Structure formats: structure tokens, C-alpha cells
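Structure follows, in C-alpha cells:
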């Protein structure tokens, strides 16, 4: 048996690919520094300090580390992570969009199972290398989607009896 | 020998069914490249809600054990390790497969995994109660430092940048404080309605471990990829077993190395497999054949990566410090069943703890038996196209995180954290310290607050938290872990710079 078939390739570790440019290092460092500043500000700008004693401790350490990370990113002293190139970003954005569409819009509106079925099919079809024009391709996609969702329905609705939101449909 | 009294709970029909399902499922998930043991266990946690604690933990333990071993299938047949723990396995395993010895390599891999796994669980059985008894005298200051130690060790070992690793841990500790303060009920960091209930640890676990892998699977877009699945010949299991037990050196080195590395929090199966492989090669008279299909290499790697499983749970069960990302997920599984691992585990929850540990021992044997016979089936799973895997994991993650509290907010949190983690990982941040921060944050905070009250009534904050032998030892370990990692980071950077300089000079000449 030596069957060529589409199969997963290992995702390269961030360090395995080219180290990101300085701008790509500075951008996340700025975001983390801004987050640390915000947490520190909120932790100290309170009337009753008792509930914030531990967050203050965390915020101060985080702020110090974020400042170090920022300085190292600006000076080019700490280049870890492969960053993200435009092509990869364009490849993943539709998928991420579909995920958010499922969770933030469709699940409540159409119902959990219907929305999940639609997004499963959309995600599969969008990233499936097979030609979109062939009827057989679509038949396979629909069959796989319905088969998988039937298993999910059996597991969650019938066995575990999880009540999911019902929208317009199921 | 207290553990012998709890074997009965493992052999009930329901427990055995769960053990078998967990083992087979773990083998298949482990065999699938892109699905890490950590993610497999995280995705299974929601299912354990509907079980009693012991049975829930049996499922998680079985999945953990067998998914590590299952990674050998794709390592041998595809040259793609199912998990980082199987990297060393692919070095000789794939070469054996290319020579027409795929079935033999798989059989030897599973038998070695079983031997190493049983050894590791025996270490867990005999070492855990001793350490737990010693840890019974811990007070709030010690537990606070232990929680910080857990985050520090994982934060400094799991990344090439110590600063980013520790920052990830801090972000996790901060996320743990979101919601209502447990003492006064004061709102903290609630900037959207979805965060009113705080961040549920299971939603965070699923999001941080599953969603980044889903997004990674989409990185190549619609580009078709082809791989060749190696053929599997018919080979006698008995002959493979005979050959494995003839390789006593590899079994011994693998078991010892796996155990030692498993006991070190933060190390993990990847290091265990590689170190064991390297040491066995050094001591082997056949060292020249390593890398070209030497069965001893497969035995060494697979023995070590499963011998690591049991010992990696020792710091978790005795001190609440997970030894690996998967152990961190198991900690989440224990906590949602109201079981707080640590010094009191074997006094307050002895039946659950021993049933869990005993089931892992039985699970190792089941894993070996099932692995030998379903390797052929598991190998087919490696051919499932990435878009189906990605869509399937997404839907499972959505349903799993929803079923925790029947709350859409948990799903929002899960997805947002997961997508955020994907981008952070691209810039060198790591999920494991963040998860540990989320899990250990409440433990650290409650002991910090408790310690403060004691300190204010006594000698003050500094004296309570920073003096005393045990406090100083724990602080020293935290500091040593950071200093060691900083030194290693600097050395690695210098080495890379030197290599780049040499390459440039060679190119110029």
C-alpha cells in the first residue's frame, strides 16, 4: 500500500520559520504594554483596594515584563516567533471570520445545530482543494458534514442531553 | 500498598468501558497529526461533567496515556510526529517503514510504550504518597509560592523568550482575576457582559489549546498536499515482543530518562524521547545504524516518552504544580470535579485519586494491546483532510465549551481567547504558561489574601512570605528557573549569531 492522499503537514513552530521583522515584533509588544498599563491603571484607580491586592501584584510584574519586552522589541534584542505574512493572514482570515460568524451571529439566530452544520460545510468547502464545479465533490462535502453533525447531535443532544439554543431552526 | 485496595473500582463494567473508549479514542487522536495530547484531553473534559469524578478522570488519564503513544503511528508511517513527544520516534521508525518494516516498528513502539508507561506509573504510585505526606505541612505562603513556581517554571521552559513566557503567565494570572472577587463580590475587569461570570477554566483550556491548532490547519489555504502513507507488512507480534525485551539497554535508559524528565516540571515528552534516543545511541554498539532504521532507536524513544507520563503527574498530584501542559489540563479536569490536588488529595479524596492512578496502570496495558491491533485503522485517520479536521475540531470545541455551563458567553470567551492565542503564538508567546496562570491564579490569590491576613496579625508581609526555610527554597527555585532560562536564552542567541556570521563569511568567500 503506497497511496498518495491529501494529508496534514506539520505546522511549523513559530521559531522554525523566519524570524519576524522588527515592526512585527514591536506591534505585539506595544499591545501587551498597553494591556499591562490598562490593568495597572484599573487596579490602582479604585476606592476599595482589598479586592485588587492580587491584581495589583500581577499588574506591576506584568508592566515590568511588558516594558522589557517593548524595549527589546524596539532594539531588536528579542526576536522570537515567526510573525505572520500577508499570504498566511489572507488564508486564515476567512476561516476566523466563519468561526466568529457561527458564534456571534448564527448560533443564536439559526440554532446551534443548524449554524454549526452551515459553518462546518462552509469551512470544509472553502479550504477543500477539490474543484468546486464537480457535483461529486459537493456530494462528498455534504455527506461528511451531515455525518459529522449527526454524530454531534447523537452525542450532545441524545447522550449528554445538553440543551442548546434553538433559533429559527434546530 | 494502599493502592491495591482501590483496583476494584477500575474493573467495574462502566469504568472498563470508559477506559477502553478513552484508550482507543486517544490512540486515534494521537495518531492524527495536528491533534496534540493536550488538545485531546482539553476537548474531552466537557464530557466528564456527566460522569462521577473517578470515571471522568479515568477517561482523561486514558486519553493522555494513549494519545502520547498514538503519535508513533504518524511518526512511523508518515514521518510526521503525531505529537512533539514522538519526534525521536520518527528518526528510526520512518526509516524502518521505508525498509518495509512499518508493522514491526509500530509493534515495537507500542510494546516499548507499554513497558515505559507501566514503569512510570509505578513510580507515580510509590512516590506520590510520600511527597504528599511531606507537603501536608504547607501553609498559605508556601501554597502561594508553589502556584507562582508552577507558572514560572512553565513560563521559562516553554518558550525561547523568558520574558514572553513569563508575560504569558502573567496574562493568565490576570485573566483568572476577571469576574467577581470571591471575598467581597466586587466586579473586576468586566468590560463586556460575557465576562460577568469570569473566564471558565474549561472554556479557556479548549480555546487556548484547540482553536490555535484549527487556525494553523487553515494556514495553507486551498493548497493541495500529498503524502505517502507507508505500507504495513504482516509481522508477528510475539516476534516484536521478543525483540523489544532483547533490547534491555534501550528499555532501561528509556524508562530512567523518561522518569527523571517527567519529574521535572515543564520538561516533557519531547525532551524525554530525544535524550533517551541520544543516550541509547551513545551506549549502543550499533550506534552507526541509528537514523537509518535501527529498532533500538524506536524502543528508546517510545519507552521514554511514555515513562514520562506517570512521573509528570507527581508534582501535579502532590503540589498542584503540573509537570506538562497536558498535566495542566488534567488539573483543570480535577478542579471542575471539586478535587483540589495537593497535600490533602490522598486524605480527602483517596478513592478518586487511587482509582485514577490505578486506571492509568491498567490503561498502559490496554494501550499496548489496542495499539498493536488498531494501528492499521489509526493509520487511515492520518489521511483525513485538514479542512475536515479543522471544521470538526471547531464544532467540537464550540459544543464542548457550551456544554460546560450551557452558556454562550463561554463560547465567546473560548473563541476570542483561541484566536488571540493563535496570533500571540505567531509572535513567540506560549499557551501553556497562560493556561497555568488561569488555573493557578485563584489558588495563588486565595493563599495570598489568606497569607496577608495572617501576616498582618503577625510579623508583617515580608516576614511571612519571604522568610522560613521552605519559603526561601521555593523562592530560590523560582529565581533559579528564571536565571537558568535567561542564561540559556543568551547562549542560544549567541550561538545563532555565531552560526549566521560563519555562514555569511563562507558565502562571501
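Protein chains in written order, with the working numbering: chain R, 14 to 183; chain C, 495 to 1003.
C-beta atoms are modelled at their ideal positions from N, C-alpha and C, and glycine is treated no differently.
Note that the structure is a prediction, hence the values are computed from the model and not measured.
#1: Compare the Cα-Cα distances from residue 548/C to each of 502/C, 531/C, 683/C and report the closest residue.
#2: Measure from the alpha carbon of residue 82/R to the alpha carbon of each residue in 47/R, 142/R, 182/R, 161/R, then state which is nearest.
#3: Can you tell me where the alpha helix (DSSP H) holding residue 881/C begins and where it ends?
#4: Determine the DSSP secondary structure at residue 179/R, reduced to helix, strand or coil.
#5: Would you report the Cα separation of residue 726/C and residue 751/C, rounded to the nearest angstrom?
#6: Is the beta carbon of residue 876/C sitting closer than 8 Å to the one on residue 571/C?
#7: Under a CB-based cut-off of 8 Å, is residue 64/R close to chain C?
#8: Helix, strand or coil for residue 96/R per DSSP?
#9: With 16 as the cutoff for other CB atoms within 10 Å, does residue 149/R come out buried or exposed?
#10: How many angstroms separate the CA atom of residue 671/C from the CA atom of residue 840/C?
#11: Could you check what DSSP says for residue 727/C in three-state terms: helix, strand or coil?
#12: Cutting at 7 Å between CB atoms, please list the residues of its own chain near residue 17/R, excluding the five before and the five after it.
#13: Using a Cβ-Cβ cut-off of 8 Å, state whether residue 211/R counts as contacting chain C.
#14: Could you tell me which of 144/R, 35/R, 159/R sits nearest to residue 131/R, measuring between CA atoms?
#15: Just the Cα atoms here: how many angstroms apart are residue 154/R and residue 893/C?
#16: Restricting to Cα atoms, I'd like to know which of 896/C, 831/C, 920/C is closest to residue 102/R.
#17: Spell out a yes or no on whether the stretch 685–698 of chain C and the stretch 66–83 of chain R are touching, meaning 3 or more CB-CB pairs, one atom from each, closer than 8 Å.
#18: Let's test the definition: count the other Cβ atoms within 10 Å of the Cβ of residue 646/C and tell me whether it reaches 16, buried, or not, exposed.
#19: Could you tell me whether the Cβ of residue 35/R comes closer than 8 Å to any Cβ of chain C?
#20: Given that a residue counts as buried once 16 or more other Cβ atoms are within 10 Å of its Cβ, and exposed if not, what is residue 582/C?
#21: Considering Cα atoms alone, identify which of 143/R, 146/R, 93/R, 45/R is closest to residue 914/C.
#22: What are the boundary residues of the alpha helix (DSSP H) that residue 842/C is part of?
#23: Taking CB distances under 8 Å as the criterion, tell me whether residue 29/R reaches chain C.
#24: Note down the Cα distance separating residue 814/C from residue 602/C, rounded to an integer number of angstroms.
#25: State buried or exposed for residue 507/C, treating a residue as buried only when at least 16 other CB atoms are found within 10 Å of its CB.
#26: Where does residue 716/C sit, in a helix, a strand or coil, going by DSSP?
#27: Check the Cβ of residue 116/R against every Cβ in chain C and list those closer than 8 Å, keeping chain order.
#28: Classify residue 555/C as helix, strand or coil using the three-state DSSP reduction.
#29: Using a threshold of 8 Å, state whether the C-beta atoms of residue 504/C and residue 852/C are closer than that.
#30: For the pair the stretch 170–182 of chain R and the stretch 121–128 of chain R, tell me if three or more CB-CB distances fall below 8 Å.
#31: Counting only Cβ pairs nearer than 7 Å, list the residues of chain R close to residue 703/C.
#32: What did DSSP end up calling residue 595/C once you bin it into helix, strand or coil?
#33: Using beta-carbon positions only, say whether residue 702/C and residue 912/C come within less than 8 Å of one another.
This is what the structure holds:
#1: The shortest Cα separation from residue 548/C among 502/C, 531/C, 683/C belongs to 502/C.
#2: 47/R
#3: That run of the alpha helix (DSSP H) goes 880–899.
#4: coil
#5: 30 Å
#6: yes
#7: With a threshold of 8 Å between beta carbons, residue 64/R makes contact with chain C.
#8: coil
#9: exposed
#10: 29 Å
#11: Secondary structure of residue 727/C (DSSP, three-state): coil.
#12: Interpretation of residue 17/R is limited by its pLDDT of 39, a score under 50 that renders its predicted location unreliable; no figure is taken from the coordinates.
#13: Outside the displayed span of chain R (14 to 183) sits residue 211/R, for which this structure offers no information.
#14: Check the Cα spacing between residue 131/R and each of 144/R, 35/R, 159/R: the tightest is with 159/R.
#15: 21 Å
#16: 920/C
#17: Inter-segment contact for the stretch 685–698 of chain C and the stretch 66–83 of chain R is absent: fewer than three beta-carbon pairs are separated by less than 8 Å.
#18: buried
#19: no
#20: It counts as buried.
#21: 45/R
#22: 839–842
#23: Confidence at residue 29/R is low in this model, with a pLDDT of 41, below 50, so the placement of that residue is unreliable and no value is reported for it.
#24: 34 Å
#25: exposed
#26: coil
#27: 892, 902, 905, 906, 909
#28: helix
#29: Yes; because the gap between Cβ atoms is below 8 Å, this pair is in contact.
#30: Taking a cut-off of 8 Å on C-beta distances, the stretch 170–182 of chain R touches the stretch 121–128 of chain R, as three or more cross pairs fall below it.
#31: What residue 703/C touches in chain R: nothing, since even the nearest Cβ is about 14 Å away.
#32: Residue 595/C: coil per DSSP, three-state reduction.
#33: yes
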